[in-house]
Amino acid sequence: MPILRPALALAALVVAGCGPPDLPARYEIDRAVLSRRPLLTDTLSVPGGADTLDVVLSLAVVRGRTAWALLDPDGAEVWGGAVTRGDTAARHRALRPAPGPWRFVLRSDSAVGTAEVRGSAR
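Just so we're aligned, residue 65 is where the sequence shown starts under this note's numbering, counting upward by one.
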C-alpha cells in the first residue's frame, strides 16, 4: 500500500477497501492499481452552493490498461480516458458541479500501476 499523508487516514481506509463510501469535499487518494481489483470507485459528496469542483489525476500503468471516469450525481460521465501499458496521464478538470455524490471510477484490465487523485469542491 502506498504511503499517505498523515491527515488522510480516511483515504488509507478507502485504499484498504474498508472505509466509508463518501469522502469529504476535499480529498486525496493514492491507489495501487492491481488486476485483482478491476473496479475501484470513490465518492465525493459535493455540498450545495459549491461553485467549482477541481479534480487532478495522475495515472501510471506498468502493465495492462486502466480507464477512468468522473460521473456526476445523475451517473453521466463528464470526464474520462484511458492509459495503457507503459503510459502515464496527468490531467486536471475544473467543473461547475451539481450538488450530490460525484463518483470517480477506475476500471482495470489486467493492470498494474498507480493512481493519484486530488480534488476539492468549493
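Where is the CB? At the ideal position from N, CA and C, for every residue including glycine.
Can you list, in chain order, the residues of its chain whose CB lies under 6 Å from that of Val169, leaving out five sequence neighbours each side?
-> Thr105 and Ala133
Under three-state DSSP, which class holds Pro85?
-> Because the pLDDT at Pro85 is just 42, under 50, the model does not fix this residue reliably, and the value given afterwards should be weighed accordingly. Three-state result, Pro85: coil.
Whose C-beta lies closer than 8 Å to the C-beta of Leu103 among residues of the same chain, with five residues either side of it excluded?
-> Val169, Leu170, Arg171 and Ser172
Arg95: buried (16+ other C-beta within 10 angstroms of its C-beta) or exposed?
-> By the neighbour-count criterion, in which a residue is buried when 16 or more other Cβ atoms sit within 10 angstroms of its Cβ, Arg95 is buried.
Whole angstroms is fine: what's the gap from Arg157's alpha carbon to Gly144's?
-> 10 Å
Boundaries of the beta strand (DSSP E) in which Asp151 is found, first to last residue | Asp151 to Leu159
Residue burial classification, Ala175 (beta-carbon count within 10 angstroms, cutoff 16) | That one is buried.
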